[in-house]
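Student:
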Amino acid sequence: MLAELAIRDLVLIAEARLELAPGLNVISGETGAGKSLLAQAIGLLMGQKAGDELVRPGAERAVVEALFEGDDGSLAVAREVPRGGRSRVRLDGLLSSAGAVEEALRRRLAFYGQLEHTRLLQLERQVDLLDGAEPATTAPLLERYTWAYARARELSRELDELRRSGRERAREIETLRYQVAEIEAAALEPGEDARLAAERERLRHAGKLLERVGGALTLLAGEAEGGALDGLRAAQRLVDEAAGLDAGLAGLAGRLAAAEAELDDAAAELRAYLDELDLDPARLEALEERWHLLRTLSRKYGEGADGVLAYLDEARARLARLEAFAEDEEGLVRAARAAQDEALAAAAALSAARRGLAPRVAARVEEELRRLAMP
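If you number the sequence shown the way our numbering does, the last residue is 1575 and the count never jumps.
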């Protein structure tokens, strides 16, 4: 409900503020008392055109503010009409657009003036009121019609798309065939770019990796000078012998044995890594070429191998549809015709229900008007 209305410098009103109570509020007065200006102020909030003639003489701008209260909370709406400038509207103190204000007030304010803002004269509003009178009657039919109409429009759009000129369709088929062939020739695999980047980086630093890993293996298990593993084995044997003399050393002997096994496994993995490390410049060159190809395809079709492969699926599907144009067109024509028939049938059923409902709603409205002594 409208809880409060404030007006400043509007035509003849310097400042006025109305606080409205719940229920019916009546503002009366003789001609010229300013009732029409209050109505005009509400009209400004609803988007009525405004000009300099609405600004009180001597003032820089006219301002109308309103506070609405409801179950969904409060809403503050304001409109400023500056002299010689464009008016501005605000929702809860923030600059907004006329469309947003209209939408916000749609369910909060119905303004019936003399031949202006008469929503009852709007066909859309009349239909909404009619449907709202008995929603159990019209809602299922309206839902069916809305779905059928949307389906018919979508099928019609698809049919128009397929019926584009043969030359344009041929050009697209040629482009798609080239793209599909280019991507298929690359034989990409999902996630390949991540694996390729890792191997490429490893080969680019193969010399340093060989030096570091080889040095680590020499220190760990070197044969010429002896490595950490040999020293650990010797220490483990000595502690194991000592444990035979003092049982308290058994735990430490076990820990050294476990450490020996762990270092032995680490040395084995380092040897395997060195055996697999490829220093072949030809392999690196091949990886660089593959990486460049993947980057080129990514720029054209999608990010990374996965993006390119996703585009490939889309292109194949689109190409298949275009190449099967005749068959698709025949099927779409049948489907579109059936959807149109369904929409027409739904519209006829909804229209019949509304025609049957209209006399009942009219009788109820007439009864209310008689009670109000407004025959």
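For every residue, glycine included, the Cβ atom is placed at its ideal position computed from N, Cα and C.
Keep in mind the model is a prediction, meaning the values are calculated, not measured.
Closer than 6 Å by C-beta to A1546: which residues in its own chain qualify, once you throw out the five before and the five after it? Chain order, please.
Tutor: In the sequence shown, the residue the question calls residue 1546 occupies position 346. Here the set comprises R1344, Y1345 and A1348.
Student: If you run the structure through DSSP and keep just helix, strand and coil, what is P1282?
Tutor: Here residue 1282 refers to the residue found at position 82 when the sequence shown is read from its first residue. Looking at P1282 - three-state DSSP - the assignment turns out to be strand.
Student: Taking the CB atoms as reference points, tell me whether V1281 and V1255 lie closer together than 8 Å.
Tutor: What you label residue 1281 is simply residue 81 of the sequence shown in a count that begins at 1. What you label residue 1255 is simply residue 55 of the sequence shown in a count that begins at 1. Yes, the Cβ-Cβ distance between V1281 and V1255 is below 8 Å.
Student: With a cut-off of 8 Å on the beta carbons, I'd call G1247 and A1300 a contact; round off their distance for me.
Tutor: Counted from its first residue, the sequence shown places residue 1247 at position 47. Counted from its first residue, the sequence shown places residue 1300 at position 100. The Cβ separation is near 11 Å, so there is no contact.
Student: In angstroms, rounded to a whole number, what distance separates the CA positions of L1522 and R1325?
Tutor: Within the sequence shown, the letter at position 322 stands for residue 1522. Within the sequence shown, the letter at position 125 stands for residue 1325. Going from the Cα of L1522 to the Cα of R1325 covers about 44 Å.
Student: Whole angstroms are fine: how far does the CA of L1396 sit from the CA of R1471?
Tutor: Position 271 of the sequence shown, counted from the start, is the residue given in the question as residue 1471. Position 196 of the sequence shown, counted from the start, is the residue given in the question as residue 1396. Rounded to the nearest angstrom, the two C-alpha atoms are 23 Å apart.
Student: Per DSSP, what kind of secondary structure is G1507 in: helix, strand or coil?
Tutor: Taking the first residue of the sequence shown as 1, we reach residue 1507 at position 307. Note: G1507 maps to helix in three-state DSSP.
Student: To which residues of the same chain is R1357 closer than 7 Å at the C-beta, ignoring the five residues directly before and after it?
Tutor: Position 157 of the sequence shown, counting from 1, holds the residue named residue 1357. Nothing listed; no residue qualifies.
Student: Under three-state DSSP, which class holds D1209?
Tutor: For this step, residue 1209 is matched to residue 9 along the sequence shown. Strand at D1209.
Student: In angstroms, rounded to a whole number, what distance separates the CA positions of V1439 and G1448?
Tutor: Counted from its first residue, the sequence shown places residue 1439 at position 239. Counted from its first residue, the sequence shown places residue 1448 at position 248. Spanning the two alpha carbons is a distance of roughly 11 Å.
Student: Go ahead and pull the three-state DSSP assignment for G1502.
Tutor: The sequence position of residue 1502 within the sequence shown is 302, counting from 1. Reduced to three states, the DSSP call for G1502 is coil.
Student: By a C-beta neighbour count over all protein chains shown, 10 Å radius and 16 as the cutoff for buried, is Q1322 buried or exposed?
Tutor: If you number the sequence shown from 1, residue 1322 lands on position 122. Flag for Q1322 reads exposed.
Student: With DSSP as the reference, please indicate the residues paired to V1289 in a beta bridge.
Tutor: Counting from one through the sequence shown, the residue named residue 1289 turns up at place 89. V1289 is bridged to R1279 and S1296.
Student: Extract the residue ranges of the beta strand (DSSP E) inside the region 1349–1387, only unbroken runs of 3 or more that lie entirely within it.
Tutor: none
Student: Helix, strand or coil for S1228 per DSSP?
Tutor: Stepping through the sequence shown from its first residue, residue 1228 is reached at position 28. The answer is coil: DSSP assigns S1228 none of H, G, I, E or B.
Student: Threshold first: 3 residues or longer. Then list the beta strand (DSSP E) segments lying entirely within the region 1237–1265, N to C.
Tutor: Runs of the beta strand (DSSP E) inside the region 1237–1265: none found.
Student: Out of L1376, A1461, G1284 and V1226, state which residue places its alpha-carbon closest to the alpha-carbon of R1433.
Tutor: Translated into the one-based positions of the sequence shown, residue 1433 becomes position 233. The residue with the shortest Cα to Cα distance from R1433 is A1461.
Student: Using C-beta distances below 7 Å, list every residue in its chain close to I1373, excluding the 5 sequence neighbours before and after it, in chain order.
Tutor: Here residue 1373 is taken as the residue at index 173 of the sequence shown, counted from 1. Contacts found: L1519, L1522 and E1523.
Student: Three or more C-beta pairs under 8 Å: does that hold for the region 1381–1392 against the region 1491–1511?
Tutor: yes
Student: Answer yes if the region 1303–1311 comes into contact with the region 1525–1539, meaning at least three C-beta pairs across the two stretches below 8 Å, and no otherwise.
Tutor: Here the region 1525–1539 does not lie against the region 1303–1311, with fewer than 3 beta-carbon pairs under 8 Å apart.
Student: How big is the Cα-Cα spacing for D1513 and E1489?
Tutor: As a working mapping, residue 1513 is identified with position 313 in the sequence shown. As a working mapping, residue 1489 is identified with position 289 in the sequence shown. Going from the Cα of D1513 to the Cα of E1489 covers about 25 Å.
Student: On a Cα-Cα basis, can you pick out the residue from D1252, A1467 and T1338 that is closest to A1549?
Tutor: For the purposes of this step, residue 1549 is taken as residue 349 along the sequence shown, with counting starting at 1. Closest by alpha carbon: T1338.
Student: Buried or exposed: where does R1279 fall if 16 or more other Cβ atoms within 10 Å of its Cβ makes it buried?
Tutor: Translated into the one-based positions of the sequence shown, residue 1279 becomes position 79. Note on R1279: 16 or more other CB atoms within 10 angstroms of its CB, so buried under the neighbour-count rule.
Student: Quick check on L1267: does DSSP put it in helix, strand or coil?
Tutor: Here residue 1267 corresponds to residue number 67 of the sequence shown, with the count starting at 1. Correct three-state label for L1267: strand.
Student: Beta-carbon within less than 8 Å of A1428's beta-carbon, same chain only, minus the 5 sequence neighbours each way: which residues are those?
Tutor: As a position in the sequence shown, residue 1428 is number 228, starting the count at 1. Short of 8 Å from the beta carbon of A1428, and not among the five residues preceding or following it, lie these beta carbons of its own chain, in chain order: L1419, L1420, A1421 and L1463.
Student: Grab the span of the alpha helix (DSSP H) containing A1435 for me, first residue to last.
Tutor: Here residue 1435 refers to the residue found at position 235 when the sequence shown is read from its first residue. Note, A1435: alpha helix (DSSP H), A1428 to L1445.
Student: What does a CB cutoff of less than 7 Å around R1516 pick up in its chain, not counting 5 residues either side in sequence?
Tutor: For this step, residue 1516 is matched to residue 316 along the sequence shown. Excluding sequence neighbours, R1516 sits near V1380.
Student: Between which residues of its own chain and G1270 is the CB-CB distance below 8 Å, once the five residues before and five after are set aside?
Tutor: Within the sequence shown, the letter at position 70 stands for residue 1270. Cβ neighbours of G1270 beyond the five flanking positions: M1201 and R1308.
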